[in-house]
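Peer 1: Take a look at the following structure, please.
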Amino acid sequence: MSQRWELNGLLQRRLWIVTGKGGVGKTTIAAALGMMASRQGLKTLLVETHGLSHLAELFEVPEVGYEPKSFKNGLSLIRLDPEAAFEEYVLRQIKFQFLYNAVFNNKYVKHFIDAAPGLAELLTIGKIWSLVEDEARKGKKPEFDLVIVDAPSTGHSLSLLTVPQVVVDAVRVGPLKNNAQEILALIRDPLKTLTWVVTLPEEMPVNEAVEMEEKLENQAKVAVGPIVLNSLWPQVLGKDSLQELKKAKIENPMVHLYRQRVDQSDFYREKLQERLKKRQILELPLIYQQKSPIRIAEALCEAMRTQLMGVKP
Amino acid sequence: MTPESKKIGLQGLLEKKKVLICCGSGGVGKTTTSAALALYASSIGYKTIVLTIDPAKRLANSLGIQKIDYQEKEIPKSELKKAGVEPKAPLFAMMLDTKRTFDDLIVKYAPDEAKAEAILQNKLYQHLSNMIAGSQEYMAMEKLYEVVQDRDYDLVVLDTPPSRHALDFLDAPNKMSAMLGDSVMKWFLKPSLFVGKNSLQLLDRSVKRVFKAFDKIAGFEFLQDLSQMLVSVSGLLEGFQERAQKVELLLHDKDTGFLLVAAPESIPLREAEYFYRKIQENALPFSGFIFNRVQGVPKGPATPPTGLKARTQSEYQEMVYLFKTLAHNDEVEIANFQERMEFSKNGIVFKIMPQLDHDVHDLAGLYELGGKLFSEGPK
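Below, the structure written as structure tokens:
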């Protein structure tokens, strides 16, 4: 029996991490999830972890920086930047801006972050942690009910989620180790953190989703939420119509290609279901009726919501 | 002759280039394209190797081979023949194991075995070199250089990590040099840290402040580990730096070409744009674009055949609309892209590849794809 998710249960988490192979539509799904959460009344923060501001472009709003910016009812956006995170983190520890400036001039910081393996990932996940937990630690109500991260593609997402453990193992004492432990406590708490794996009905994305699901669970030890199967071929021809076309011997290249696409979608959907038996898979069609990215995200949001609301008695 | 007519095909490109670096964002078919290109090149007589550094081990998938170890491995002729390929030259593939390559580097550049061992055993080194994300770009460059330098391939095809990180990859040699030349790094290289915390008294005031800050954040012991590792590594710095400069020369060589692989969707095209500009900024030899997954409208009556039920008719119409919309969207995306970029097609490859009927994950499929990549007819 596969695991079933219910919208309200999902929304009780504090952190969603959206991951998957490059090109599967992570950013669009992250946007759709943001719409879904904010429409249920949650104050939601979307987090960009790439250099470019794809989410701002999707929502047709000006680029944002390192400060969360609200741009729509209940929806805010932030773009993470390892250099700014480095400054923020060091300042928290040493408290004096002048000292920071004296020691870490910009040129040096950039080289250091670029060259130290894993440091950019550590700073990113550290900042995500503080976005989720900062107020709670001070006994205040959190600014955001839910933080949704548009994470990098598979391998780099995994680094993001495993780097705190590396630090815990490598550093013996001190605030850095404590911080890494706090990050682990958040991302490994299944009641607080969930990952969403996005994939497509194609060979490599399916393989990578299966691999990722396994690694998230066993290597990073984070909870895996629903699997999102994006861009299924739209079945515009019903069974009856296909039957009739066949009977009337209407077999032109267009109908032929249509059947091929449907078959491919079905094949990989079944493959994914078979290999991820215990997971719930949300099936989303390729949205061709809409052109603008924001409308596409809205359509996907509706499709996911319907599947997560279940059938009402 | 108009500039348009001067654009070249992949076959023409092979006559000029020995190293092709395929870049682009994830999911645009970069790995498959690299493998198909390499396979086809070998079939027409170029002794070829394809290198991938992808941690998800996709090349193994693409080549339909169970296991690629981290060695250059020839694709068996029998396998190729089974797939209907008659190779005129051998084809090799290699997956880059970033951890192992890093260790190799240490061994290679360490003055003696004991020094190498000291680094390999350093706890911090072990953790850091295990972290793939930061180091894979350096390692790709390193291996690329080695393969180009030490072997006699006619063609080396390199599949790169997804775009944003491929940018790191362009910067890798620079970054390495800049990092090593940095003055703050040099503070860490003072053996005084070994003596213990009291040795901080001996440092000048500004350096002391840095160490105190680090001590507060990470603990003194961590600092010691770090310093110890860096001191051990410092003997290797010159070797590294020299190598980084040679790699940079290789990237700028006229025998090297960068191919940008993209798909006609807004995000991958934004990434491609960013990447193209980066290649220009770095004055790297740009060789062209390959657009994958471009939808075309299949032939077939655009109006539903008569005599069908009304419902079937309207569904058929919807199918036509679906195909037309997808094809139109792609066309518009590519046209907008071209307009934004204002590049000349002069002397570069500009190849539009139709969306395939099926997934390519075996040699026969790769060969067929390679044929299409190399075909010079109208798109």
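If you read the sequences in order, they're chains A and B.
In this text, residue positions in the first sequence follow the numbering used here: the first is 1023, and each later residue adds one.
In this text, residue positions in the second sequence follow the numbering used here: the first is 6, and each later residue adds one.
Where a beta carbon is used, it is the ideal one built from N, C-alpha and C, also for glycine.
Every value quoted in this text rests on a predicted model; they were computed, and no experiment measured them.
Scan the stretch 291-341 of chain B and note each continuous beta strand (DSSP E) run of 3 residues or more that stays entirely inside, going in chain order.
Peer 2: Complete beta strand (DSSP E) runs here, min 3: 291-299.
Peer 1: Just confirm the distance between the C-beta atoms of I26(B) and L264(B), as a whole number of angstroms; I'd bet it's less than 8 Å.
Peer 2: Correct: roughly 7 Å between the Cβ atoms.
Peer 1: Which bits of chain B does T1041(A) rub up against, with CB to CB less than 9 Å?
Peer 2: Near T1041(A) there are no residues of chain B at all, since even the closest Cβ is about 12 Å away, more than 9 Å.
Peer 1: What are the partner residues of M1234(A), as DSSP defines its beta bridges?
Peer 2: Answer by DSSP bridge pairing: none, since M1234(A) is not bridged.
Peer 1: Are the beta-carbon atoms of L1067(A) and L1330(A) separated by less than 9 Å?
Peer 2: No, these two residues do not count as a Cβ contact at 9 Å.
Peer 1: List the residues of chain B whose Cβ lies closer than 8 Å to the Cβ of K1313(A), in chain order.
Peer 2: Ordered by position in chain B, the residues that pass the 8 Å Cβ test against K1313(A) are N334.
Peer 1: For S47(B), name the three-state secondary structure that DSSP assigns.
Peer 2: In the structure shown, S47(B) sits in a helix (DSSP, three-state: H, G or I).
Peer 1: Should Q269(B) be flagged as near chain A, meaning a C-beta pair shorter than 9 Å?
Peer 2: According to the sequence displayed, residue 269(B) carries Pro and not Gln. With 9 Å as the cut-off, P269(B) does not count as an interface residue toward chain A.
Peer 1: Which bits of chain B does P1275(A) rub up against, with CB to CB less than 8 Å?
Peer 2: Those are P303, K304, G305, listed as they occur along chain B.
Peer 1: Could you name the residues of chain A that V354(B) contacts, counting a contact when the two beta carbons are closer than 8 Å?
Peer 2: Within 8 Å Cβ-Cβ: nothing; V354(B) doesn't reach chain A, min ~21 Å.
Peer 1: Is there a C-beta anywhere in chain A that falls below 9 Å from the one on V325(B)?
Peer 2: So yes, V325(B) belongs to the interface.
Peer 1: Residues of chain B with CB closer than 7 Å to the CB of G1260(A), please, in chain order.
Peer 2: Correct list: E320.
Peer 1: Between P81(B) and M100(B), what straight-line distance do the alpha-carbon atoms span, to the nearest angstrom?
Peer 2: Approximately 16 Å, taken between the alpha carbons.
Peer 1: Check whether chain A comes within 9 Å of L264(B), counting only Cβ atoms and requiring the distance to be less than that.
Peer 2: Closer than 9 Å: no.
Peer 1: I need the boundaries of the alpha helix (DSSP H) containing I1147(A), first residue and last residue.
Peer 2: Looking at the DSSP string, the run of the alpha helix (DSSP H) that includes I1147(A) is 1141-1159.
Peer 1: Interface residues of chain B around I1272(A) at Cβ under 7 Å?
Peer 2: By Cβ distance, chain B contributes P310.
Peer 1: Looking only at C-alpha atoms, which of G1042(A), Q1034(A), S1075(A), L1080(A) sits nearest to K1313(A)?
Peer 2: Closest by alpha carbon: L1080(A).
Peer 1: So S1253(A) packs on L1306(A), CB below 8 Å; how close in whole Å?
Peer 2: 7 Å between Cβ atoms; contact.
Peer 1: According to DSSP, D164(B) sits in a beta bridge with which residue or residues?
Peer 2: Partner(s): C27(B), T57(B).
Peer 1: Any idea if P1227(A) is buried or exposed, counting beta-carbon neighbours within 10 angstroms, 16 or more meaning buried?
Peer 2: The residue is buried, with at least 16 neighbouring Cβ atoms inside 10 Å.
Peer 1: E1155(A) and P1090(A) - do their beta-carbons sit closer together than 9 Å?
Peer 2: Contact flag unset, no.
Peer 1: Under 9 Å between C-beta atoms, does F342(B) make it to chain A?
Peer 2: No, F342(B) lies away from the interface with chain A (no Cβ there is under 9 Å from its Cβ).
Peer 1: Which residue comes first and which comes last in the beta strand (DSSP E) that contains V1185(A)?
Peer 2: Per DSSP, V1185(A) belongs to no beta strand (DSSP E); it is in the alpha helix (DSSP H), 1176-1192.
Peer 1: Kindly indicate which three-state DSSP category P1104(A) falls into: helix, strand or coil?
Peer 2: P1104(A): helix per DSSP, three-state reduction.
Peer 1: Closest Cβ-Cβ distance between Q1282(A) and chain B: below 9 Å?
Peer 2: Cβ-Cβ to chain B under 9 Å: yes for Q1282(A).
Peer 1: By DSSP, does N1252(A) sit in helix, in strand, or in coil?
Peer 2: In the structure shown, N1252(A) sits in a strand (DSSP, three-state: E or B).
Peer 1: Going by the CB atoms, is the gap between K329(B) and V299(B) shorter than 9 Å?
Peer 2: No, the Cβ-Cβ distance between V299(B) and K329(B) is not below 9 Å.
Peer 1: Are the C-beta atoms of I1286(A) and some chain B residue less than 9 Å apart?
Peer 2: The identity of residue 1286(A) in the sequence shown is Gln, whereas the question assumes Ile. Cβ-Cβ to chain B under 9 Å: yes for Q1286(A).
Peer 1: 9 Å is my cut-off, CB to CB: does R248(B) come that close to chain A?
Peer 2: So no, R248(B) is outside the interface.
Peer 1: Are the C-beta atoms of P116(B) and some chain A residue less than 9 Å apart?
Peer 2: Output row for P116(B): interface = no.
Peer 1: Quick check: the Cα distance between R1382(A) and R1317(A), rounded to an integer number of angstroms?
Peer 2: Look at the range of chain A in this structure, 1023 to 1335, and you will see that residue 1382(A) is not part of it.
Peer 1: By the criterion of Cβ-Cβ separation under 8 Å, what are the contact partners of G31(B) in chain A?
Peer 2: Correct list: K1043, G1044, G1045, S1175.
Peer 1: How would you write the range of the beta strand (DSSP E) that F263(B) sits in, first residue to last?
Peer 2: Unbroken beta strand (DSSP E) run through F263(B): 261-267.
Peer 1: Check whether the Cβ of E1227(A) lies closer than 9 Å to any Cβ atom in chain B.
Peer 2: The sequence shown places Pro at residue 1227(A), not Glu. Interface residue, yes.
Peer 1: Grab the span of the beta strand (DSSP E) containing V1040(A) for me, first residue to last.
Peer 2: From DSSP, the beta strand (DSSP E) with V1040(A) extends over 1037-1042.
Peer 1: Can you tell me which of the three DSSP states G376(B) falls into?
Peer 2: G376(B) falls in the helix class under three-state DSSP.
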